[in-house]
Every structure is written in C-alpha cells, then in structure tokens.
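Engineer:
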Amino acid sequence: MAVTGETDGGAEVVGTEVVGTEVVGAEDSGQATADTSGQAVIVAFGQTLKTLRVRAGLEREEFGRRIGYSASTIASYEQGRRIPSPRTIERADEALDAGGLLTVWKEQVERAQYPVFFQGMAKLEKEAVELLAYDTHVLNGLLQTEEYMRAVLGMRRPVLDQETVEQRVVARMARQDIFSRWPAPLLSFVLEEAALRHPWGGKAVHRGQLEHLLLIGEKQHVELQVMPTERECNAGVDGAFTVVTRKDGMRFVYTEVQGTSALQTEPEQTTLASARYGIIRSQALPSRESFDFVERLLRSL
C-alpha cells in the first residue's frame, strides 16, 4: 500500500493500493490555514519565473505581452500572489526558452491552489469515471456559479482575505472542467431542498445559481435529483459525502465538515457508501421531477 502527501482526507492517493481512512485538519497540517501550506511552492515558482525572465533580458511588460498578460499580473505571479494556470506556465516556459524549467512545476503549482485538505480530492476528480455526490447545506463546488462561490466564501469565519477568496474561486472554476472532459465521466448529484433554498448572496445570485443548475442538468452524462424536505425517510441522515470511482475500479469516499475532511478507501466502507447513495437516489425525486422542482423554485423568486 502507498499513501503520501496531503489531500482532502490528509493523504494523496498514489497508484491503486490505498486502504484505510485518513483525516486532516488545519491543526494537523501545521499551518494556520490550508492555503498557506502551498504558499512556499507558489513563492518558489514565482522566484524561478522572475529569474528566468531577467536572464532572458525581458521587462515584465514585454514578457506579459508575449504570453497575453499585463505587467501587473506578471508581478503577481513572480511575487507569489496569484497562481498561474498550467497553460500559462507552458506559454511562459516557451516564451523564456526555459527548456522545461517552468513546466516541471505545473503539477505542484496546480495542487497548491487548493486547500491542503482538498488537494487529493481535486486529483481524484480529474481521474474519476464516476462521481456520486450528496449535498445537504451548500451546493457542491462543481455546481456553483462564480457569484455563488464568492458569496459562500465571503461568509466564512474566520474571514478569508481577498487573495485567498480569489484563489479558491479560480480553483473551483477549474474543477468544473469535469463537465466537458472526454470520455465523459458519469456524474450524479442529489441535492437537499434546503441547499437549493438558501439565498446565499441574495436574490440575483440565487436566481443565477438555479438557472445554472438547470443548464447542467441538461447534460447527457449528468443526473441531478432533489431530496424534498418533506421526505419521511432519508438514508443521508449522517450528512454529505461524495463517492468517486477511478478507471482502475478503485473507489473512494470523501467527507468534509468544519475544516476537517476524511477520505475512506476501505473496500467495505466504500461499497457501503455507494449502496447508501443508491438508496438516497431512490428516495429523492426522479430527474424529471427534480428539474420541475428547480424550475418552480426559480419562478417563485
């Protein structure tokens, strides 16, 4: 078995032989927040970028023009205040004739944009052939609009600084590439009615989020279902969770609460979680009725 690094559950999954349950919180990581643990990587990348730019004899403005960014954005990258996308890193490497000295950072920089406790889950989402998510209080990050993200992140306590909010928004938006990936993974979401009714960010944000759900629900490989509050039976009484299956058949169960997360990999537990999700789906409204439910809620706003 092999478990290394940090993830949502405190460990990055390596290969296919991972068992047990890993749990991590801010206190376990030795950092005040999840974001600060990746800051060293971002700063080191920025220093490398600046060194190569100076070596190439380019001012920030000229370098920015070559890769499509302003001088101020280049400064933010070099100072570790913003995180470049993998494509930006590739363009920078090419523009500076770095010979791979920048692209070798791509994976580390991409991971660093996520809180420590979520890095492993973000990796699993990229490898998923099936993802089953049950959400109770806040909509899944894969389903959120940018405005909804900002509203939810803005309500966090302790308060997040603006750069951290921007970093997390960019990271969540990047995760939504899962909807356009090919081969398309099978995606299923069961949403508690309460999560749909919370007007996070106000009426305009709420409306935009519901409209976004309807668009996502039209995708052929996506199933959205609503669990009405009036249901007398609900197998999801223990709270939200996500089941992810990789191409190799390995299955994982991710749970998160109050800054602490767990990633279960024991076959018995992951099988039970998958079965539990199946029961929850059977208790929720069917897809067509769920679609109508969201439409009615939208019209009522």
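In this text, residue positions in the sequence shown follow numbering that gives the first Met the number 0: the first is 0, and each later residue adds one. Ideal placement from N, C-alpha and C gives every residue a C-beta, glycine not left out. These numbers were taken from a predicted model, which means no experiment stands behind them.
Residue 301 and residue 221: beta carbons closer than 9 Å?
Structural biologist: Because the chain in this structure spans residues 0 to 300, residue 301 falls outside the shown range and cannot be described.
Engineer: Using the C-alpha atoms, what's the distance from residue 84 back to residue 58?
Structural biologist: 21 Å
Engineer: Using a Cβ-Cβ cut-off of 6 Å (strictly less than) and excluding sequence neighbours within five positions of residue 198, which residues of its own chain qualify?
Structural biologist: 205
Engineer: Pull up the distance between the alpha-carbon of residue 151 and that of residue 55, whole angstroms please.
Structural biologist: 42 Å
Engineer: Can you check which of these residues, 134, 127, 192, 164, is closest to residue 179 by C-alpha distance?
Structural biologist: 127
Engineer: Using a Cβ-Cβ cut-off of 6 Å (strictly less than) and excluding sequence neighbours within five positions of residue 138, which residues of its own chain qualify?
Structural biologist: 194
Engineer: When the distance is taken between beta carbons, is residue 258 closer than 9 Å to residue 116?
Structural biologist: Result yes, Cβ atoms of residue 116 and residue 258 sit closer than 9 Å.
Engineer: Go ahead and pull the three-state DSSP assignment for residue 236.
Structural biologist: coil
Engineer: Please report the distance separating the alpha-carbon of residue 210 from that of residue 39.
Structural biologist: 39 Å
Engineer: Shortest alpha-carbon distance to residue 132 belongs to which of 118, 255, 71, 159?
Structural biologist: Of the candidates 118, 255, 71, 159, the one whose C-alpha sits nearest the C-alpha of residue 132 is 255.
Engineer: Where do the N-terminal and C-terminal ends of the beta strand (DSSP E) with residue 132 fall, by residue?
Structural biologist: 127-134
Engineer: Leaving out the 5 sequence neighbours to the left and right, which residues in its chain are closer than 7 Å to residue 292 when beta-carbon positions are compared?
Structural biologist: 225, 284
Engineer: What separation, rounded to the nearest whole angstrom, lies between the Cα atoms of residue 60 and residue 87?
Structural biologist: 16 Å
Engineer: Between which two residues does the beta strand (DSSP E) holding residue 253 run?
Structural biologist: 250-256
Engineer: Consult DSSP for residue 264 and reduce its assignment to one of helix, strand or coil.
Structural biologist: coil
Engineer: Using the beta-carbon count (16 or more within 10 Å), is residue 21 buried or exposed?
Structural biologist: Confidence in residue 21 is poor, its pLDDT being 49 and thus under 50, which makes the residue's placement unreliable; the coordinate value appears in the next sentence. Burial call: buried.
Engineer: If contacts are defined as beta-carbon pairs under 8 Å, then residue 91 and residue 48 qualify, I think. What distance do you get, rounded to the angstrom?
Structural biologist: 6 Å
Engineer: If you draw a straight line from the alpha carbon of residue 232 to that of residue 192, how long is it in whole angstroms?
Structural biologist: 14 Å
Engineer: Can you tell me which of the three DSSP states residue 300 falls into?
Structural biologist: Note: residue 300 maps to coil in three-state DSSP.
Engineer: Give me the Cα-Cα distance between residue 146 and residue 253, rounded to the nearest whole angstrom.
Structural biologist: 25 Å
Engineer: What are the boundary residues of the alpha helix (DSSP H) that includes residue 69?
Structural biologist: Neither: residue 69 is in no alpha helix (DSSP H) and is coded neither H nor E.
Engineer: Can you check whether the CB of residue 134 is closer than 9 Å to the CB of residue 62?
Structural biologist: no
Engineer: List in chain order: all unbroken beta strand (DSSP E) runs of 3+ residues lying wholly within the stretch 168-225.
Structural biologist: Within the stretch 168-225, the complete beta strand (DSSP E) runs of at least 3 residues are 185-191.
Engineer: Specify, as a first and last residue, the run of the alpha helix (DSSP H) that residue 143 falls within.
Structural biologist: Careful: residue 143 lies outside any alpha helix (DSSP H) and carries neither H nor E.
Engineer: Within 10 angstroms of the Cβ of residue 162, are there 16 or more other Cβ atoms? Answer buried if so, exposed if not.
Structural biologist: exposed
Engineer: Please tell me whether residue 240 and residue 123 are closer than 9 Å, where the distance is taken between their beta carbons.
Structural biologist: In terms of Cβ geometry, residue 240 and residue 123 do not form a close pair [threshold 9 Å].
Engineer: Quick check on DSSP: helix, strand or coil for residue 287?
Structural biologist: helix
Engineer: Starting from the Cα of residue 230, find the closest Cα among 247, 267, 107, 190 and give me that residue.
Structural biologist: 190
Engineer: Which term fits residue 111, buried or exposed, when burial requires 16 or more other beta carbons within 10 angstroms of its beta carbon?
Structural biologist: buried
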